[in-house]
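Worksheet: one structure, shown below.
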Amino acid sequence: MKKFVLLPLISCILALLWACGGRQSDEKRTIVSGRLQVLTDETLLPIMEEQVAVFEHLYDRTEVALASAQENQIVSKLLNKEVEVVVLTRLLTEEENAFFKARKFAPRIYKFATDAVTFVVNKQVSDSTITVDRITEIMKGNAGDGPLNRLVFDNPNSSTVRLLKELAGVDTLPATGVYALKSNADVLKYVYETPQSVGVVGINWVVRPDSSTRKYVEGIKVLAVKGQEGKIGSGGYYKPSQTNLADSLYALARPVYIINAEPRKSLGMGFAAFLTGESGQRVILKSGLMPDSVPPRELIIR
(Lines of atoms letter the chains of each structure in order from A and count residues from 1; the text may use other names and numbers.)
(Lines give C-alpha, C1' and ligand atoms only; values in the text may rest on other atoms or scores of the structure.)
Protein backbone atom coordinates (compact mmCIF):
# COMPACT_ATOMS: atom_id res chain seq x y z
CA MET A 1 0.00 0.00 0.00
CA LYS A 2 2.86 2.37 0.88
CA LYS A 3 4.35 1.74 -2.57
CA PHE A 4 1.18 3.07 -4.26
CA VAL A 5 1.06 6.12 -1.96
CA LEU A 6 4.71 7.01 -2.65
CA LEU A 7 4.55 6.68 -6.44
CA PRO A 8 2.47 9.86 -7.03
CA LEU A 9 4.70 11.76 -4.56
CA ILE A 10 7.88 10.66 -6.31
CA SER A 11 6.38 11.57 -9.68
CA CYS A 12 5.55 15.07 -8.44
CA ILE A 13 9.08 15.57 -7.07
CA LEU A 14 10.63 14.42 -10.36
CA ALA A 15 8.35 16.76 -12.30
CA LEU A 16 9.35 19.71 -10.12
CA LEU A 17 13.04 18.89 -10.48
CA TRP A 18 12.66 18.62 -14.25
CA ALA A 19 10.82 21.96 -14.43
CA CYS A 20 13.46 23.71 -12.32
CA GLY A 21 16.20 22.23 -14.44
CA GLY A 22 14.42 23.43 -17.57
CA ARG A 23 14.15 26.98 -16.23
CA GLN A 24 17.83 27.02 -15.31
CA SER A 25 18.85 25.93 -18.80
CA ASP A 26 16.57 28.60 -20.31
CA GLU A 27 18.36 31.24 -18.26
CA LYS A 28 21.77 30.28 -19.67
CA ARG A 29 22.54 32.65 -22.50
CA THR A 30 25.00 32.41 -25.34
CA ILE A 31 25.59 34.81 -28.22
CA VAL A 32 22.81 33.13 -30.23
CA SER A 33 20.49 31.62 -27.60
CA GLY A 34 18.63 32.46 -24.42
CA ARG A 35 16.53 35.37 -23.20
CA LEU A 36 17.57 39.03 -23.36
CA GLN A 37 15.96 42.15 -21.93
CA VAL A 38 16.37 45.30 -24.04
CA LEU A 39 15.17 48.78 -23.07
CA THR A 40 14.81 51.27 -25.94
CA ASP A 41 14.13 54.96 -26.32
CA GLU A 42 10.39 55.27 -26.98
CA THR A 43 10.97 57.34 -30.13
CA LEU A 44 12.68 54.27 -31.65
CA LEU A 45 10.12 51.67 -30.58
CA PRO A 46 8.65 50.80 -34.04
CA ILE A 47 12.02 50.10 -35.64
CA MET A 48 13.25 48.14 -32.63
CA GLU A 49 10.10 46.00 -32.67
CA GLU A 50 10.88 45.12 -36.29
CA GLN A 51 14.50 44.36 -35.43
CA VAL A 52 13.49 42.01 -32.62
CA ALA A 53 10.98 40.20 -34.83
CA VAL A 54 13.60 39.54 -37.53
CA PHE A 55 16.28 38.59 -34.99
CA GLU A 56 14.05 36.04 -33.25
CA HIS A 57 13.04 34.63 -36.63
CA LEU A 58 16.65 34.14 -37.71
CA TYR A 59 17.76 32.81 -34.32
CA ASP A 60 14.84 30.73 -33.08
CA ARG A 61 16.51 29.84 -29.78
CA THR A 62 16.40 33.48 -28.68
CA GLU A 63 13.77 35.57 -26.93
CA VAL A 64 14.17 39.35 -26.69
CA ALA A 65 11.96 41.08 -24.13
CA LEU A 66 11.73 44.59 -25.58
CA ALA A 67 10.35 47.53 -23.61
CA SER A 68 10.44 51.30 -24.10
CA ALA A 69 10.97 54.13 -21.63
CA GLN A 70 12.00 57.75 -21.31
CA GLU A 71 15.67 58.49 -21.85
CA ASN A 72 16.47 59.39 -18.24
CA GLN A 73 14.69 56.26 -16.97
CA ILE A 74 16.70 54.08 -19.36
CA VAL A 75 20.02 55.48 -18.18
CA SER A 76 18.99 55.17 -14.53
CA LYS A 77 18.09 51.49 -14.98
CA LEU A 78 21.35 50.85 -16.83
CA LEU A 79 23.45 52.37 -14.07
CA ASN A 80 21.48 50.52 -11.38
CA LYS A 81 22.04 47.17 -13.17
CA GLU A 82 18.29 46.72 -13.70
CA VAL A 83 18.94 46.24 -17.42
CA GLU A 84 22.16 45.47 -19.30
CA VAL A 85 21.32 46.30 -22.93
CA VAL A 86 19.76 49.61 -23.98
CA VAL A 87 19.19 51.64 -27.16
CA LEU A 88 19.75 55.41 -26.92
CA THR A 89 20.22 58.41 -29.21
CA ARG A 90 23.25 59.67 -27.31
CA LEU A 91 26.44 58.45 -25.68
CA LEU A 92 26.84 58.25 -21.93
CA THR A 93 28.10 61.38 -20.19
CA GLU A 94 31.37 61.48 -18.23
CA GLU A 95 29.38 61.35 -15.00
CA GLU A 96 27.45 58.30 -16.18
CA ASN A 97 30.62 56.59 -17.38
CA ALA A 98 32.11 57.14 -13.92
CA PHE A 99 29.68 54.53 -12.55
CA PHE A 100 31.21 51.93 -14.84
CA LYS A 101 34.78 53.09 -14.22
CA ALA A 102 34.19 52.59 -10.50
CA ARG A 103 33.33 48.98 -11.29
CA LYS A 104 36.38 48.76 -13.61
CA PHE A 105 34.13 47.93 -16.50
CA ALA A 106 33.46 49.63 -19.83
CA PRO A 107 30.19 48.92 -21.68
CA ARG A 108 30.40 48.02 -25.36
CA ILE A 109 28.84 50.75 -27.52
CA TYR A 110 27.91 50.41 -31.19
CA LYS A 111 26.36 53.01 -33.51
CA PHE A 112 23.96 51.30 -35.91
CA ALA A 113 21.74 54.05 -37.38
CA THR A 114 21.03 57.75 -37.79
CA ASP A 115 17.61 59.00 -36.73
CA ALA A 116 15.88 62.27 -37.56
CA VAL A 117 13.88 64.38 -35.12
CA THR A 118 10.84 64.98 -37.31
CA PHE A 119 8.29 67.81 -37.25
CA VAL A 120 4.76 67.01 -38.41
CA VAL A 121 1.62 69.11 -38.89
CA ASN A 122 -1.97 68.54 -39.92
CA LYS A 123 -2.41 68.30 -43.71
CA GLN A 124 -4.87 71.22 -43.54
CA VAL A 125 -2.02 73.56 -42.57
CA SER A 126 -0.68 75.54 -45.52
CA ASP A 127 2.85 75.82 -44.11
CA SER A 128 5.28 73.14 -45.24
CA THR A 129 8.53 74.45 -43.73
CA ILE A 130 9.98 75.52 -40.41
CA THR A 131 13.37 76.84 -39.32
CA VAL A 132 15.54 75.73 -36.42
CA ASP A 133 15.56 79.39 -35.32
CA ARG A 134 11.77 79.31 -35.06
CA ILE A 135 11.91 76.05 -33.11
CA THR A 136 14.43 77.44 -30.63
CA GLU A 137 12.36 80.60 -30.13
CA ILE A 138 9.35 78.47 -29.17
CA MET A 139 11.57 76.46 -26.79
CA LYS A 140 12.63 79.75 -25.17
CA GLY A 141 9.02 80.76 -24.60
CA ASN A 142 8.79 83.21 -27.52
CA ALA A 143 6.10 81.40 -29.51
CA GLY A 144 4.14 84.52 -30.48
CA ASP A 145 0.75 84.52 -32.16
CA GLY A 146 1.75 83.42 -35.65
CA PRO A 147 1.15 80.06 -37.30
CA LEU A 148 2.80 76.92 -36.00
CA ASN A 149 3.33 78.32 -32.51
CA ARG A 150 2.87 75.13 -30.49
CA LEU A 151 5.37 72.25 -30.15
CA VAL A 152 4.00 68.93 -28.94
CA PHE A 153 6.35 66.27 -27.53
CA ASP A 154 5.87 62.68 -26.45
CA ASN A 155 6.79 63.40 -22.82
CA PRO A 156 8.79 66.02 -20.86
CA ASN A 157 11.75 63.68 -20.29
CA SER A 158 12.09 62.34 -23.81
CA SER A 159 15.26 62.38 -25.89
CA THR A 160 13.67 64.84 -28.34
CA VAL A 161 12.95 67.32 -25.54
CA ARG A 162 16.50 66.96 -24.25
CA LEU A 163 17.95 67.58 -27.72
CA LEU A 164 15.88 70.69 -28.41
CA LYS A 165 16.51 72.09 -24.92
CA GLU A 166 20.24 71.77 -25.58
CA LEU A 167 19.80 73.40 -28.98
CA ALA A 168 17.88 76.33 -27.51
CA GLY A 169 20.17 76.61 -24.48
CA VAL A 170 17.37 76.26 -21.91
CA ASP A 171 17.12 74.10 -18.80
CA THR A 172 13.34 73.99 -18.45
CA LEU A 173 10.36 73.99 -20.77
CA PRO A 174 8.49 77.30 -21.12
CA ALA A 175 5.07 77.80 -19.59
CA THR A 176 3.46 78.36 -22.98
CA GLY A 177 4.01 77.08 -26.50
CA VAL A 178 5.33 73.63 -25.53
CA TYR A 179 3.19 70.66 -24.54
CA ALA A 180 4.17 67.14 -23.51
CA LEU A 181 1.90 64.12 -23.78
CA LYS A 182 2.65 60.45 -23.02
CA SER A 183 3.89 58.85 -26.25
CA ASN A 184 4.73 59.40 -29.91
CA ALA A 185 1.39 57.81 -30.82
CA ASP A 186 -0.36 60.45 -28.70
CA VAL A 187 1.55 63.18 -30.56
CA LEU A 188 0.39 61.88 -33.94
CA LYS A 189 -3.21 61.75 -32.74
CA TYR A 190 -3.00 65.27 -31.27
CA VAL A 191 -1.60 66.79 -34.48
CA TYR A 192 -4.21 64.96 -36.53
CA GLU A 193 -6.96 66.52 -34.39
CA THR A 194 -5.34 69.93 -33.71
CA PRO A 195 -4.20 72.11 -36.63
CA GLN A 196 -1.50 74.75 -35.96
CA SER A 197 0.32 72.40 -33.59
CA VAL A 198 3.70 70.94 -34.55
CA GLY A 199 4.36 67.40 -33.40
CA VAL A 200 7.90 66.23 -32.64
CA VAL A 201 8.48 62.51 -33.23
CA GLY A 202 11.05 59.99 -34.42
CA ILE A 203 10.98 59.50 -38.21
CA ASN A 204 10.13 55.77 -38.00
CA TRP A 205 6.74 56.61 -36.42
CA VAL A 206 5.83 58.34 -39.69
CA VAL A 207 7.46 56.02 -42.23
CA ARG A 208 6.34 52.72 -40.67
CA PRO A 209 3.05 53.37 -38.80
CA ASP A 210 1.21 50.44 -37.28
CA SER A 211 -2.53 49.81 -37.51
CA SER A 212 -3.26 52.01 -34.48
CA THR A 213 -1.50 55.12 -35.87
CA ARG A 214 -1.91 54.73 -39.65
CA LYS A 215 -5.09 56.85 -39.69
CA TYR A 216 -3.29 59.75 -38.01
CA VAL A 217 -0.19 59.50 -40.20
CA GLU A 218 -2.36 59.68 -43.32
CA GLY A 219 -3.78 62.99 -42.05
CA ILE A 220 -0.47 64.73 -41.35
CA LYS A 221 2.57 65.88 -43.31
CA VAL A 222 6.28 66.24 -42.56
CA LEU A 223 7.82 69.72 -42.50
CA ALA A 224 11.04 70.59 -44.27
CA VAL A 225 13.57 72.15 -41.87
CA LYS A 226 16.19 74.86 -42.41
CA GLY A 227 19.22 74.83 -40.14
CA GLN A 228 20.78 77.74 -38.30
CA GLU A 229 23.17 80.00 -40.17
CA GLY A 230 26.59 78.43 -40.55
CA LYS A 231 25.41 75.02 -39.35
CA ILE A 232 24.16 71.81 -40.97
CA GLY A 233 21.16 72.34 -43.22
CA SER A 234 21.44 76.15 -43.42
CA GLY A 235 21.53 76.15 -47.23
CA GLY A 236 17.84 75.38 -47.68
CA TYR A 237 14.80 73.51 -46.41
CA TYR A 238 15.33 69.77 -46.15
CA LYS A 239 13.01 66.92 -45.24
CA PRO A 240 14.30 64.03 -43.09
CA SER A 241 14.82 61.68 -46.04
CA GLN A 242 17.53 59.02 -46.05
CA THR A 243 19.30 60.89 -48.86
CA ASN A 244 19.42 64.11 -46.83
CA LEU A 245 20.56 62.19 -43.76
CA ALA A 246 23.31 60.49 -45.78
CA ASP A 247 24.43 63.85 -47.23
CA SER A 248 24.38 65.52 -43.79
CA LEU A 249 21.83 68.10 -44.93
CA TYR A 250 19.11 67.56 -42.32
CA ALA A 251 19.67 69.85 -39.34
CA LEU A 252 18.25 67.59 -36.63
CA ALA A 253 19.80 64.21 -37.34
CA ARG A 254 21.04 62.16 -34.38
CA PRO A 255 22.97 58.89 -33.97
CA VAL A 256 21.43 55.71 -32.56
CA TYR A 257 23.50 53.46 -30.28
CA ILE A 258 23.11 50.07 -28.67
CA ILE A 259 24.90 50.02 -25.31
CA ASN A 260 25.76 46.57 -24.00
CA ALA A 261 26.73 46.41 -20.32
CA GLU A 262 26.69 42.62 -19.99
CA PRO A 263 29.59 41.48 -17.77
CA ARG A 264 30.47 38.69 -20.24
CA LYS A 265 30.01 37.96 -23.92
CA SER A 266 26.42 36.83 -24.23
CA LEU A 267 23.19 37.36 -26.18
CA GLY A 268 23.55 41.14 -25.96
CA MET A 269 26.66 40.87 -28.11
CA GLY A 270 24.80 38.67 -30.58
CA PHE A 271 21.96 41.19 -30.83
CA ALA A 272 24.39 44.07 -31.30
CA ALA A 273 26.20 42.12 -34.04
CA PHE A 274 22.84 41.56 -35.75
CA LEU A 275 21.92 45.27 -35.60
CA THR A 276 25.24 46.34 -37.08
CA GLY A 277 25.35 43.47 -39.59
CA GLU A 278 23.75 43.20 -43.01
CA SER A 279 20.37 41.84 -41.86
CA GLY A 280 19.86 44.48 -39.19
CA GLN A 281 21.03 47.26 -41.50
CA ARG A 282 18.51 46.19 -44.14
CA VAL A 283 15.73 46.54 -41.55
CA ILE A 284 17.02 50.05 -40.79
CA LEU A 285 17.01 50.90 -44.49
CA LYS A 286 13.28 50.11 -44.72
CA SER A 287 12.39 52.07 -41.58
CA GLY A 288 13.18 55.62 -42.70
CA LEU A 289 16.31 55.87 -40.57
CA MET A 290 19.75 55.90 -42.18
CA PRO A 291 21.74 52.67 -41.65
CA ASP A 292 25.26 53.07 -40.34
CA SER A 293 26.56 50.99 -43.25
CA VAL A 294 24.41 50.78 -46.36
CA PRO A 295 23.87 47.10 -47.28
CA PRO A 296 25.11 46.21 -50.76
CA ARG A 297 22.60 45.54 -53.53
CA GLU A 298 23.17 42.60 -55.84
CA LEU A 299 22.03 43.00 -59.45
CA ILE A 300 21.47 39.87 -61.50
CA ILE A 301 22.04 40.58 -65.20
CA ARG A 302 20.61 38.00 -67.53
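In case it helps, mature numbering (1 follows the signal peptide of the UniProt record, and there is no 0) puts the sequence shown at residues -19 to -1, 1 to 283. Ideal placement from N, C-alpha and C gives every residue a C-beta, glycine not left out.
A direct Cα-Cα distance of roughly 9 Å separates residue 72 from residue 78. Look at the beta carbons and you see the region 161 to 170 not touching the region 81 to 95: under three pairs across the two are nearer than 8 Å. At a Cβ-Cβ threshold of 8 Å, residue 203 and residue 95 do not count as neighbours. Between residue 180 and residue 188, the CB-CB gap reaches or exceeds 8 Å. Per DSSP, the continuous alpha helix (DSSP H) segment holding residue 199 begins and ends at 195 to 199. For residue 237, the enclosing beta strand (DSSP E) begins and ends at 234 to 241. Ranking 182, 219, 76, 55 by CA distance to the CA of residue 135 puts 182 first.
Between the alpha carbons of residue 105 and residue 32 lies a distance of about 34 Å.
When DSSP states are grouped into helix, strand and coil, residue 51 belongs to the coil group.
The region 138 to 153 and the region 116 to 129 touch, with no fewer than 3 CB-CB distances between them shorter than 8 Å. One alpha carbon belongs to residue 210, the other to residue 56, and they sit about 33 Å apart. Taking a contact as a CB-CB distance under 8 Å, the pair residue 260 and residue 11 does not count as one, their CB atoms being some 18 Å apart. With contacts defined by Cβ atoms closer than 8 Å, residue 70 and residue 178 do not form a contacting pair. Counting only residues of its own chain and dropping the five nearest sequence neighbours on each side, residue 35 has a CB closer than 7 Å to the CB of 260, 264.
If the five residues before and after residue 197 are omitted, its C-beta is found closer than 6 Å to the C-beta atoms of 169, 170, 173, all from its own chain and listed in chain order. The C-beta distance from residue 249 to residue 17 rounds to 6 Å, short enough to meet the 8 Å contact threshold. A residue is called buried when at least 16 other Cβ atoms come within 10 angstroms of its Cβ; residue 221 meets this threshold and is buried.
The Cβ-Cβ distance between residue 68 and residue 29 falls below 8 Å. Per DSSP, the continuous beta strand (DSSP E) segment holding residue 95 begins and ends at 89 to 103. The C-beta separation of residue 98 from residue 26 comes to about 15 Å, leaving the pair out of contact by the 8 Å criterion.
Looking at the DSSP output, residue 21 shares a beta bridge with 49, 68.
Between residue 122 and residue 157 the beta-carbon gap is near 7 Å, inside 8 Å, which marks them as a contact. By the CB criterion at 8 Å, residue 22 and residue 52 fall inside the cutoff. In the three-state reduction of the DSSP assignment, residue 27 falls in the helix class.
When DSSP states are grouped into helix, strand and coil, residue 162 belongs to the coil group. Residue environment: residue 49 is assigned as buried (16 or more neighbouring CB atoms within 10 Å of its CB, all protein chains considered).
The straight-line gap separating the alpha-carbon atoms of residue 109 and residue 212 is approximately 21 Å. CA-to-CA, the gap between residue 244 and residue 47 works out to about 20 Å. Residue 230 and residue 9 have their C-alpha atoms spaced approximately 45 Å apart.
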